[in-house]
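The listed protein sequences correspond, in order, to chains A and B. Its first residue numbered 1169, the first sequence is counted upward by one per residue in the numbering used here. Its first residue numbered 524, the second sequence is counted upward by one per residue in the numbering used here. Idealized CB from N, CA, C, for every residue including glycine.
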Amino acid sequence: RKEVEQDPGPFNVPEGATVAFNCTYSNSASQSFFWYRQDCRKEPKLLMSVYSSGNEDGRFTAQLNRASQYISLLIRDSKLSDSATYLCAVNARDYKLSFGAGTTVTVRA
Amino acid sequence: DVKVTQSSRYLVKRTGEKVFLECVQDMDHENMFWYRQDPGLGLRLIYFSYDVKMKEKGDIPEGYSVSREKKERFSLILESASTNQTSMYLCASSSRPGGPTNEKLFFGSGTQLSVL
């Protein structure tokens, strides 16, 4: 079983829609959780960390469910510029992040 | 602006060649990483280093080695390139755990390696 798994999508949504997707992790000892964004042919960049109580950054909301071992990302009021691949990352040990394969989101006009 | 620089954006090599991928960061980060990214498989960790001259195997170290002689530079070496090493290679760095940005990875723009 992979350490981190994501629905690859693609999620095709119209502008203004809400889109949400999850990422599951296998190691119950995981301590830190992140969402990275990767544009086509570019490097991943940190979008946001995921805190136990859930957190928001503008139109983006991240949640952690430790009992079911998944994190989620919700994007409200989608913009064309939100089109990207979203990678979840989980850190169970020092120094090392394990990444999911990514969820592709395409926002159409 | 923080920066992780990879020496080449595209590389084409022949099977059996020795290949060097170079990565330099200017953030005085302790930790440096090499990942490869393949469609459907995501980023997989090859090697990482948490200090000069230190290295640790990641999830897929076979066929690779690394060198970290200076803090800012982390090199990935393919001893004898094979076609299954055709991939996007991403270098990243981060500061030491315990700091406020301890787990934020800064990535280079990647090297697309093709082995023919």
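Of the residues B:585, B:602, B:552, B:581, the one placed nearest residue 544 (chain B), counting alpha carbons only: For this step, residue 544 (chain B) is matched to residue 21 along the second sequence. Ranked by Cα distance from residue 544 (chain B), the options B:585, B:602, B:552, B:581 are led by B:602.
Residue 532 (chain B) versus residue 599 (chain B): straight-line alpha-carbon distance, rounded: As a first step, residue 532 (chain B) is located in the second sequence; it is residue number 9 there, counting from the start. As a first step, residue 599 (chain B) is located in the second sequence; it is residue number 76 there, counting from the start. Using only the alpha carbons, I get a separation of about 14 Å.
Name the chain A residues that come within less than 8 Å of residue 566 (chain B), Cβ to Cβ? Locating residue 566 (chain B) in the second sequence gives position 43, counting from the first residue. 1212, 1255, 1267, listed in chain order.
Short check: CB of residue 606 (chain B) to CB of residue 636 (chain B), under 8 Å? To locate residue 606 (chain B), count along the second sequence from 1; it is residue 83. To locate residue 636 (chain B), count along the second sequence from 1; it is residue 113. For residue 606 (chain B) and residue 636 (chain B), no; Cβs fall outside 8 Å.
Please name the residues in the stretch 592-615 of chain B whose beta-carbon is closer than 8 Å to at least one beta-carbon of chain A, in chain order. Correct list: 613.
Are the stretch 1258-1277 of chain A and the stretch 553-567 of chain B touching, with three or more C-beta to C-beta distances below 8 Å? Enough Cβ pairs lie closer than 8 Å, so yes.
Is it the case that the stretch 1202-1212 of chain A contacts the stretch 1245-1254 of chain A, given that we only count it when at least three CB pairs across the two stretches are under 8 Å? Counting Cβ pairs under 8 Å, three or more are found: they touch.
Grab me the residues of residue 541 (chain B)'s own chain with a C-beta within less than 8 Å of its C-beta, minus the 5 sequence neighbours each way, in chain order. Here residue 541 (chain B) refers to the residue found at position 18 when the second sequence is read from its first residue. Taken in chain order, the residues that qualify are 600, 601, 602, 603, 604.
Going by other Cβ atoms of all chains shown within 10 Å of its Cβ, with 16 needed for buried, is residue 623 (chain B) buried or exposed? Counting from 1 along the second sequence, the entry for residue 623 (chain B) is found at position 100. A caution first: residue 623 (chain B) carries a pLDDT of 42, below 50, which makes its placement in the model unreliable, though a value can still be read off. Residue environment: residue 623 (chain B) is assigned as exposed (fewer than 16 neighbouring CB atoms within 10 Å of its CB, all protein chains considered).
Beta-carbon separation of residue 615 (chain B) and residue 535 (chain B) under 8 Å? Residue numbering aside, residue 615 (chain B) sits at position 92 when the second sequence is read from its first letter. Residue numbering aside, residue 535 (chain B) sits at position 12 when the second sequence is read from its first letter. It is not a contact, given that the beta carbons lie outside the stated cut-off.
Taking 8 Å as the CB-CB limit, is residue 1264 (chain A) close to chain B? Here the question's residue 1264 (chain A) lines up with position 96 in the first sequence. Yes - at least one Cβ of chain B is within 8 Å of the one on residue 1264 (chain A).
Please name the residue, chosen from A:1214, A:1231, A:1226, that lies closest to residue 1220 (chain A) on a Cα-to-Cα basis. As a working mapping, residue 1220 (chain A) is identified with position 52 in the first sequence. Among A:1214, A:1231, A:1226, the Cα nearest to that of residue 1220 (chain A) is on A:1231.
Do we get a CB-CB distance below 8 Å when we pair residue 536 (chain B) with the residues of chain A? Here the question's residue 536 (chain B) lines up with position 13 in the second sequence. With 8 Å as the cut-off, residue 536 (chain B) does not count as an interface residue toward chain A.
Would residue 1179 (chain A) and residue 1239 (chain A) qualify as a contact pair, given that the criterion is a beta-carbon distance under 8 Å? Walking along the first sequence from the start, residue 1179 (chain A) turns up at place 11. Walking along the first sequence from the start, residue 1239 (chain A) turns up at place 71. Their beta carbons are not under 8 Å apart, which means residue 1179 (chain A) does not touch residue 1239 (chain A) by this criterion.
Does residue 607 (chain B) come out as helix, strand or coil in the three-state DSSP assignment? Position 84 of the second sequence, counted from the start, is the residue given in the question as residue 607 (chain B). In the three-state DSSP reduction, residue 607 (chain B) falls in the helix class (H, G or I).
8 Å is my cut-off, CB to CB: does residue 1270 (chain A) come that close to chain B? The residue you call residue 1270 (chain A) lines up with position 102 of the first sequence. By this cut-off, residue 1270 (chain A) is an interface position.
Taking only beta-carbon atoms, is residue 578 (chain B) less than 8 Å away from chain E? Of the protein chains in the structure, A and B, none is chain E.
Please tell me whether residue 627 (chain B) and residue 1214 (chain A) are closer than 8 Å, where the distance is taken between their beta carbons. Taking the first residue of the second sequence as position 1, residue 627 (chain B) is located at position 104. Taking the first residue of the first sequence as position 1, residue 1214 (chain A) is located at position 46. Contact flag set, yes.
Under a CB-based cut-off of 8 Å, is residue 623 (chain B) close to chain A? As a working note, residue 623 (chain B) is residue 100 in the second sequence. Confidence is the limiting factor: at residue 623 (chain B) the pLDDT is only 42, short of 50, which leaves the residue's position unreliable, though a coordinate-based value still follows. Under the Cβ distance rule, residue 623 (chain B) does not count among the residues neighbouring chain A, no pair being separated by less than 8 Å.
Whole-Å CB distance - residue 553 (chain B) paired with residue 573 (chain B), under 8 Å assumed: Position 30 of the second sequence, counting from 1, holds the residue named residue 553 (chain B). Position 50 of the second sequence, counting from 1, holds the residue named residue 573 (chain B). Residue 553 (chain B) to residue 573 (chain B), Cβ: 6 Å. Contact.
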